[in-house]
Amino acid sequence: MDIKEIIKPENLVYSKSKVQIDTITHYCPGCTHGVVHKLISELIDEMGIQEKTVGVAPVGCAVFAYNYIDIDWQEAAHGRAPAVATGIVRLNPDKFVFAYQGDGDLASIGAGEIIHACNRGENILVVFINNGIYGMTGGQMAPTTIENMVTSTTPCGRDHERNGYPLKMTDLVAQLPGTSYVTRQSAQTAASVRKCKRALKKGIQNVLDKKGTSFVEVVSTCNSGWKLTPVQANKWMEENMFPYYPLGDMKDSEKGEPVSNN
Amino acid sequence: MGELRLMKGNEVLAEAAIRCGCDGYFGYPITPQSEVMEMLMERQPWDETGMVVLQAESEVAAINMVYGAAGSGKKVMTSSSSPGVSLMSEGISYIAGAELPCLVVNVQRGGPGLGTIQPSQADYFQAVKGGGHGDYKMIVLAPSSVQEMNDFVDLAFELAFKYRNPAMILTDGAIGQMMEKVELSDYKKRWTEKEVNEKNGSWATFGKPSTRERNVITSLELDSAKMEVNNQRFQEKYRRMEAEEQRYEAIQCDDAEYLFVAFGTAARVCEKAVEIAREKGIKVGLLRPITLFPFPKDVIKELAPKVKGFLSVEMNAGQMVEDVKLAVYDAGCNQHVEFFGRMGGIIPSPGEVVEALEQKLMKEGK
Numbered sequence: 382m383d384i385k386e387i388i389k390p391e392n393l394v395y396s397k398s399k400v401q402i403d404t405i406t407h408y409c410p411g412c413t414h415g416v417v418h419k420l421i422s423e424l425i426d427e428m429g430i431q432e433k434t435v436g437v438a439p440v441g442c443a444v445f446a447y448n449y450i451d452i453d454w455q456e457a458a459h460g461r462a463p464a465v466a467t468g469i470v471r472l473n474p475d476k477f478v479f480a481y482q483g484d485g486d487l488a489s490i491g492a493g494e495i496i497h498a499c500n501r502g503e504n505i506l507v508v509f510i511n512n513g514i515y516g517m518t519g520g521q522m523a524p525t526t527i528e529n530m531v532t533s534t535t536p537c538g539r540d541h542e543r544n545g546y547p548l549k550m551t552d553l554v555a556q557l558p559g560t561s562y563v564t565r566q567s568a569q570t571a572a573s574v575r576k577c578k579r580a581l582k583k584g585i586q587n588v589l590d591k592k593g594t595s596f597v598e599v600v601s602t603c604n605s606g607w608k609l610t611p612v613q614a615n616k617w618m619e620e621n622m623f624p625y626y627p628l629g630d631m632k633d634s635e636k637g638e639p640v641s642n643n
Numbered sequence: 019m020g021e022l023r024l025m026k027g028n029e030v031l032a033e034a035a036i037r038c039g040c041d042g043y044f045g046y047p048i049t050p051q052s053e054v055m056e057m058l059m060e061r062q063p064w065d066e067t068g069m070v071v072l073q074a075e076s077e078v079a080a081i082n083m084v085y086g087a088a089g090s091g092k093k094v095m096t097s098s099s100s101p102g103v104s105l106m107s108e109g110i111s112y113i114a115g116a117e118l119p120c121l122v123v124n125v126q127r128g129g130p131g132l133g134t135i136q137p138s139q140a141d142y143f144q145a146v147k148g149g150g151h152g153d154y155k156m157i158v159l160a161p162s163s164v165q166e167m168n169d170f171v172d173l174a175f176e177l178a179f180k181y182r183n184p185a186m187i188l189t190d191g192a193i194g195q196m197m198e199k200v201e202l203s204d205y206k207k208r209w210t211e212k213e214v215n216e217k218n219g220s221w222a223t224f225g226k227p228s229t230r231e232r233n234v235i236t237s238l239e240l241d242s243a244k245m246e247v248n249n250q251r252f253q254e255k256y257r258r259m260e261a262e263e264q265r266y267e268a269i270q271c272d273d274a275e276y277l278f279v280a281f282g283t284a285a286r287v288c289e290k291a292v293e294i295a296r297e298k299g300i301k302v303g304l305l306r307p308i309t310l311f312p313f314p315k316d317v318i319k320e321l322a323p324k325v326k327g328f329l330s331v332e333m334n335a336g337q338m339v340e341d342v343k344l345a346v347y348d349a350g351c352n353q354h355v356e357f358f359g360r361m362g363g364i365i366p367s368p369g370e371v372v373e374a375l376e377q378k379l380m381k382e383g384k
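In order, the protein sequence lines correspond to chains U and E.
Using my numbering, read the first sequence as starting at 382 and increasing by one per residue.
Using my numbering, read the second sequence as starting at 19 and increasing by one per residue.
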């Protein structure tokens, strides 16, 4: 079979979403951001909402999210994405607004903004990339860094006596009446990527249906920051992050009360 | 003639916002300006004009909500008082860096720190020299009456959109809290979605139609060569403001041998001081800057050769006096520029001001 035969349309099983911009990525090989960007692009495309979507980019590695997804974007100050998204959606209630944030951004400097946006039930989707580390600034401890994990500011490992405990933001926001759908996903295997996409789709649909805040955490890897290969990083995440941050839906307002994972 | 009312300065800010077609207000309570949001909540403009009013969880959140909402090309504002404006300064820097229009009102109180809730003008430097990080300026309007609290809301929005830049109304607790007769503006309709699109569609983020490229609002540019070009564009814009937007009021300046320079509440005190001094035979006038940035230096350049000296009267330790000195220096003049001020929330009396004029400028050898 020659190449012309292979590239026939009927043989096409996968193509890049047209909402995803053709460009060189600044993300490291193995980084979870690229996968989640791809899923968001695909969903905006498949759900036909490009014209009504506004993304809010965070500070951190994903500050450049606006280089990859072909929608209107506004870049927020560190931690303030939920407030920026609030401003946009309050004045434009028929738009689909989402905030894309890392763990330093959302759980540390922006802890106030995320709690209050979720508590008001702002009609937005929050995508929370939790890799337990500050990636862009060079691998410092994040509020979500698990105990004993070595980072550049916890060279002997995170010790709760000095640094406090890893913060479970997703569990926290699930308790708030303003949130409608709260889930924790991952994106390291083909199966988990598919599940993650379903979760993001549900989150987007809930916002389109004006159900309040949807919150999708993606437990992620930062192999550069963790000083591991991509494959080792996935393994390390499964073995060390998942026990503390178990995957699954924590709250689905359609199904009633919050579901506890722990 | 518009509707006449007896109202507090802070309440008028709220009323003027509704009437000029403001789309959104985001704020956080702080004395002495809480009446702005209280009045808005009482008026419920969401039913009347569709204006959104939201009490944020902090000043930091409020200014970032303003940033987001301004990004969608609509008329948005916040108000606060000195400590709150310090918290907002980071956000104001982002708004200036992203070149978005908005209105920030500072009803000043005395500082530093928690300071006092009494009126002050100690945030002059913060307002006109940047306040937040980075090289940026905002247009600063200084009302000296409740009437101007009404008039400057619409003007501030007009200038903010003209330059795509934050504008500030810098007032103080005295003007915010006092009641005066005010002629309210007529209602202007809020922009329709179509009008927002036509006016601001080239930069605003409200969803990318297939007919245009995506809009990205950011103040980030890691390539220094490109960032410098951005900085040059900002500076060029600030120079245009300086060339086109200097505003002031000159009271009895024509025959004046001495000039008070004062804004806001201090200018009202100086108006009385001019009267008292003239009764004593002292030819003094009042130059009242209405825009603090751009500072009305052209008129100072014009007046400087005709007078013997300037007295900058402020409710702070001496801030605007530096700009008066610079303007006199730029005019190639060497007239004395002196300062008189009170701090800590004290409003100077007209008598004190006249005495300061006599002591600092009119003594032998001056």
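Don't be surprised by glycine CBs; every beta carbon is placed ideally from N, CA and C.
Quantities reported herein were computed from a predicted structural model and do not represent experimental measurements.
Taking the alpha-carbon positions, what's the residue i to residue j distance?
{"i": "residue 416 (chain U)", "j": "residue 574 (chain U)", "result": "8 Å"}
{"i": "residue 23 (chain E)", "j": "residue 172 (chain E)", "result": "18 Å"}
{"i": "residue 525 (chain U)", "j": "residue 463 (chain U)", "result": "19 Å"}
{"i": "residue 586 (chain U)", "j": "residue 421 (chain U)", "result": "13 Å"}
{"i": "residue 123 (chain E)", "j": "residue 479 (chain U)", "result": "29 Å"}
{"i": "residue 577 (chain U)", "j": "residue 567 (chain U)", "result": "6 Å"}
{"i": "residue 451 (chain U)", "j": "residue 228 (chain E)", "result": "11 Å"}
{"i": "residue 361 (chain E)", "j": "residue 333 (chain E)", "result": "6 Å"}
{"i": "residue 593 (chain U)", "j": "residue 176 (chain E)", "result": "35 Å"}
{"i": "residue 624 (chain U)", "j": "residue 528 (chain U)", "result": "12 Å"}
{"i": "residue 642 (chain U)", "j": "residue 627 (chain U)", "result": "Below a pLDDT of 50, predicted positions are generally treated as unreliable, and residue 642 (chain U), at 41, falls in that range; the measurement from the model is reported next regardless. About 7 Å."}
{"i": "residue 431 (chain U)", "j": "residue 29 (chain E)", "result": "41 Å"}
{"i": "residue 296 (chain E)", "j": "residue 304 (chain E)", "result": "12 Å"}
{"i": "residue 483 (chain U)", "j": "residue 408 (chain U)", "result": "14 Å"}
{"i": "residue 620 (chain U)", "j": "residue 614 (chain U)", "result": "10 Å"}
{"i": "residue 640 (chain U)", "j": "residue 20 (chain E)", "result": "Legend: pLDDT at residue 640 (chain U) = 47, less than 50; position of this residue unreliable, value from coordinates given subsequently. Answer to the nearest angstrom: the Cα atoms are 59 Å apart."}
{"i": "residue 125 (chain E)", "j": "residue 535 (chain U)", "result": "44 Å"}
{"i": "residue 325 (chain E)", "j": "residue 225 (chain E)", "result": "57 Å"}
{"i": "residue 456 (chain U)", "j": "residue 187 (chain E)", "result": "26 Å"}
List the residues that DSSP assigns as beta-bridge partners of residue i.
{"i": "residue 565 (chain U)", "result": "U:598, U:629"}
{"i": "residue 307 (chain E)", "result": "E:266"}
{"i": "residue 98 (chain E)", "result": "E:124"}
{"i": "residue 515 (chain U)", "result": "U:521"}
{"i": "residue 329 (chain E)", "result": "E:278, E:356"}
{"i": "residue 26 (chain E)", "result": "E:197"}
{"i": "residue 73 (chain E)", "result": "E:45"}
{"i": "residue 510 (chain U)", "result": "U:483, U:599"}
{"i": "residue 401 (chain U)", "result": "U:450"}
{"i": "residue 467 (chain U)", "result": "DSSP, once it has assigned bridges, lists no residue as partnering residue 467 (chain U)."}
{"i": "residue 185 (chain E)", "result": "E:121, E:157"}
Measure from the C-beta of residue i to each C-beta in chain E and report whether the shortest distance is under 8 Å.
{"i": "residue 472 (chain U)", "result": "yes"}
{"i": "residue 431 (chain U)", "result": "yes"}
{"i": "residue 476 (chain U)", "result": "yes"}
{"i": "residue 642 (chain U)", "result": "Caution applies to residue 642 (chain U), whose pLDDT of 41 falls short of 50 and renders its modelled position unreliable; the value that the coordinates give is listed next. Not closer than 8 Å to any Cβ of chain E, the Cβ of residue 642 (chain U) fails to qualify, so no."}
{"i": "residue 554 (chain U)", "result": "no"}
{"i": "residue 579 (chain U)", "result": "no"}
{"i": "residue 508 (chain U)", "result": "no"}
{"i": "residue 469 (chain U)", "result": "yes"}
{"i": "residue 588 (chain U)", "result": "no"}
Using 8 Å as the limit for Cβ to Cβ distance, is residue i near chain U?
{"i": "residue 72 (chain E)", "result": "yes"}
{"i": "residue 184 (chain E)", "result": "no"}
{"i": "residue 85 (chain E)", "result": "yes"}
{"i": "residue 236 (chain E)", "result": "yes"}
{"i": "residue 313 (chain E)", "result": "no"}
{"i": "residue 249 (chain E)", "result": "no"}
With respect to the beta strand (DSSP E) encompassing residue i, which residues constitute its N-terminal and C-terminal limits?
{"i": "residue 408 (chain U)", "result": "Residue 408 (chain U) -> no beta strand (DSSP E), and no H or E assigned at all."}
{"i": "residue 457 (chain U)", "result": "First-last for residue 457 (chain U): undefined, no H or E at that position."}
{"i": "residue 435 (chain U)", "result": "434–438"}
Which first and last residues belong to the alpha helix (DSSP H) in which residue i is found?
{"i": "residue 199 (chain E)", "result": "Premise fails: residue 199 (chain E) lies in the beta strand (DSSP E), 197–201, not in any alpha helix (DSSP H)."}
{"i": "residue 316 (chain E)", "result": "315–321"}
{"i": "residue 377 (chain E)", "result": "368–379"}
{"i": "residue 614 (chain U)", "result": "611–617"}
{"i": "residue 344 (chain E)", "result": "338–348"}
{"i": "residue 606 (chain U)", "result": "604–607"}
{"i": "residue 393 (chain U)", "result": "Note, residue 393 (chain U): premise wrong, no alpha helix (DSSP H); not H, not E."}
How would you list, in chain order, the residues of chain B whose beta-carbon sits under 8 Å from the beta-carbon of residue i?
{"i": "residue 98 (chain E)", "result": "The structure shown has no chain B; the protein chains it does contain are U and E."}
Length-filtered (3 minimum) beta strand (DSSP E) runs lying within the stretch 105–181 of chain E: 120–126, 157–159
Could you tell me which whole beta strand (DSSP E) segments of length 3 or greater appear in the stretch 517–594 of chain U? 560–567
Ignoring anything shorter than 4 residues, give me the alpha helix (DSSP H) runs that lie fully in the stretch 221–265 of chain E, in order along the chain. 242–262
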